[in-house]
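Heads up: the structure comes next, in structure tokens.
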Amino acid sequence: MLIQSTKALQKYLKVDLEPKQELAAPLTGWHAHLKKIDRRNTIILVHDISLYTVILYGVKAKDVKNFEQLIKQAITDTLIADGFNEQIIQTELVAGDLSYTSTKDRKMVASLNQIIQEIEFFMYEANSESMIQPSVSRKVNRSLHKSSSGEYIKPIEKLQHVLERKVGKKPFQQPAVQLKVTLKLEGQQVWRRLVISINQTFASLHDILQIAFNWTNSHLYEFTFYQQPPSFTDYYLPDTNYTLVSHPEAFSYREDGQKMKYAHQIALRDVLDKYKSIVYTYDLGDDWQHFIEVEEWIDDYDARYPVCLDGEGTTPPENVGGIPGYSHFLEVIQSKDDPDREWMLNWAESVGYQPFDKNMVNEQLSKIRN
Numbered sequence: 001m002l003i004q005s006t007k008a009l010q011k012y013l014k015v016d017l018e019p020k021q022e023l024a025a026p027l028t029g030w031h032a033h034l035k036k037i038d039r040r041n042t043i044i045l046v047h048d049i050s051l052y053t054v055i056l057y058g059v060k061a062k063d064v065k066n067f068e069q070l071i072k073q074a075i076t077d078t079l080i081a082d083g084f085n086e087q088i089i090q091t092e093l094v095a096g097d098l099s100y101t102s103t104k105d106r107k108m109v110a111s112l113n114q115i116i117q118e119i120e121f122f123m124y125e126a127n128s129e130s131m132i133q134p135s136v137s138r139k140v141n142r143s144l145h146k147s148s149s150g151e152y153i154k155p156i157e158k159l160q161h162v163l164e165r166k167v168g169k170k171p172f173q174q175p176a177v178q179l180k181v182t183l184k185l186e187g188q189q190v191w192r193r194l195v196i197s198i199n200q201t202f203a204s205l206h207d208i209l210q211i212a213f214n215w216t217n218s219h220l221y222e223f224t225f226y227q228q229p230p231s232f233t234d235y236y237l238p239d240t241n242y243t244l245v246s247h248p249e250a251f252s253y254r255e256d257g258q259k260m261k262y263a264h265q266i267a268l269r270d271v272l273d274k275y276k277s278i279v280y281t282y283d284l285g286d287d288w289q290h291f292i293e294v295e296e297w298i299d300d301y302d303a304r305y306p307v308c309l310d311g312e313g314t315t316p317p318e319n320v321g322g323i324p325g326y327s328h329f330l331e332v333i334q335s336k337d338d339p340d341r342e343w344m345l346n347w348a349e350s351v352g353y354q355p356f357d358k359n360m361v362n363e364q365l366s367k368i369r370n
């Protein structure tokens, strides 16, 4: 594995550079740079061929004593979070002992500088409790970048293409979970059955549920976790001691003893087997509660994007006023004599109210990696 280091990182690591060399395994070539971001030492690793980016934030002197182990783990963790198979990562992208040379050329340095600017823009996604930053990397790796050859690429797509061309579909096999997600409504059956990699974060699950239920991602959300399944008929959810949130304001309302984290900080694999029930609440005003049930664990799944296997029912329109407002909405549109019927139907159409279409959902889910 070759690290082509900038002078700033070389000075920080105190390593000797070898003469520039042609790699026998080009996929193991990476460029690396050290930069202060928010007064913290940040190491940026950029894959030569794909520009796929890995970020280590808040690096301290003691952390780089075993730099080889540190960066190989960071690359592995970030790629796993993006749907890549761990074994393929080890054999194709981080194989071999570490060696160091100087940067390849000015074009590659220009690409590196462009990526660093993007990283600084997306640092609001950073997890201050972790050195490795897959959420920031996820944003950067789905943006367009100009490669040293002049081609505009999305790093995630480029790396997927390169690996698939070399070893087939093996790079994307990961453990996954089949979920049934049921929207709480009165007298209505609205549910979706989904398959998603357990290495995805709950923020990613939120994005998936927005597509699956035809929401518009216009409101805050949270995930609450329970040791015993809450009653589907109770109006209010029971108290919980663990919540994942989407906005910093939520921490102002944290109760004593309640554990609270951001949804982008926690992966499904971290908690799914520790709780018997999860509720996803979208729009904390209208209070749409989605009950999440784990139906099946899957050993090998093509984790490039999630899949909707089945579903039933039409999701209420956004901003309809919660369950009471939706009940009124249905009364109006189902009554041909109601004077507000035409206006209500026009309004519903304008906000995207439409029947569940599994094919359309899967078409949108197939683009979620982008």
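For the sequence shown, this note's numbering assigns the number 1 to the initial residue and increments by one for each residue that follows.
In this text, a Cβ means the ideal position worked out from N, Cα and C, and glycines have one as well.
Worksheet entry | Boundaries of the alpha helix (DSSP H) in which leucine 365 is found, first to last residue | 358-365
Worksheet item: Would you say leucine 268 and isoleucine 198 are within 8 Å of each other, going by their C-beta atoms?
Response: yes
Discussion item. Considering just the uninterrupted stretch of the beta strand (DSSP E) at tryptophan 30, what are its terminal residues?
Written reply: 29-37
Discussion item. Quick check on DSSP: helix, strand or coil for asparagine 346?
Written reply: helix
Worksheet item: Nearest to glutamine 21 by CA position, among Thr103, Gly83 and Ser231, is which residue?
Response: Thr103
Discussion item. Distance check for arginine 193 and glutamine 73, CA to CA, integer angstroms please.
Written reply: 33 Å
Item to complete: Evaluate asparagine 370 with the Cβ neighbour count: other Cβ atoms within 10 Å of its Cβ, from every protein chain shown; 16 or more gives buried, anything less gives exposed.
Response: In this predicted model, asparagine 370 has a pLDDT of only 44, less than 50, meaning its place in the structure is not dependable; the value taken from the coordinates is given anyway. Exposed.
Worksheet item: How about the segment 166-181 and the segment 133-140: do they share at least three Cβ pairs that are nearer than 8 Å?
Response: no
Item to complete: May I ask you to report which of helix, strand or coil DSSP gives tyrosine 353?
Response: coil
Worksheet item: Would you report the Cα separation of asparagine 359 and tyrosine 57, rounded to the nearest angstrom?
Response: 40 Å
Fill in: Length-filtered (3 minimum) beta strand (DSSP E) runs lying within the segment 196-259
221-226 and 242-245
Discussion item. To the nearest angstrom, how far is the alpha carbon of phenylalanine 251 from that of threonine 243?
Written reply: 10 Å
Discussion item. Just to check my reading of the structure: serine 366 and tyrosine 280 have Cβ atoms closer than 8 Å, yes? What is that Cβ distance to the nearest angstrom?
Written reply: Not really, about 22 Å apart at Cβ, beyond 8 Å.
Worksheet item: Just curious, the alpha helix (DSSP H) that tyrosine 89 is in, first and last residue?
Response: Note that residue 89 is isoleucine in the sequence shown here, rather than tyrosine. 86-92 is the extent of the alpha helix (DSSP H) around isoleucine 89.
Fill in: Residues near valine 245 by beta carbon distance below 7 Å, same chain, minus five either side
Glu222, Met260, Tyr262 and Ala263
Worksheet item: How far does the beta strand (DSSP E) with glutamate 22 in it reach, from first residue to last?
Response: Here glutamate 22 belongs to no beta strand (DSSP E), and DSSP marks it neither H nor E.
Worksheet item: Once you ignore the five residues that flank methionine 333 on each side, which residues in its own chain have a CB closer than 8 Å to its CB?
Response: Reading off the sequence, residue 333 comes out as isoleucine, not methionine. The answer, listed in chain order, is Arg341, Met344, Leu345 and Ala348.
Fill in: Residue range of the unbroken beta strand (DSSP E) whose run includes phenylalanine 122
Counting along the chain, phenylalanine 122 falls outside any beta strand (DSSP E), and DSSP gives it neither H nor E.
Item to complete: Compute the Euclidean distance between the alpha carbons of arginine 254 and glycine 29, then round it to the nearest angstrom.
Response: 45 Å
Item to complete: Enumerate in chain order the residues of its own chain whose CB-to-CB distance from isoleucine 208 is below 7 Å, with the five nearest sequence positions on each side excluded.
Response: Leu194, Ile196, Pro306, Leu365 and Ile368
Worksheet item: What are the boundary residues of the beta strand (DSSP E) that proline 175 is part of?
Response: 173-183
Fill in: glutamine 4 versus threonine 91 - alpha carbon distance
20 Å
Worksheet item: Helix, strand or coil for aspartate 270 per DSSP?
Response: helix
Worksheet item: Taking buried to mean at least 16 other C-beta atoms within 10 Å of its own C-beta, is glutamate 363 buried or exposed?
Response: exposed
Discussion item. By the DSSP assignment, the alpha helix (DSSP H) with isoleucine 80 in it spans what residues?
Written reply: 67-81
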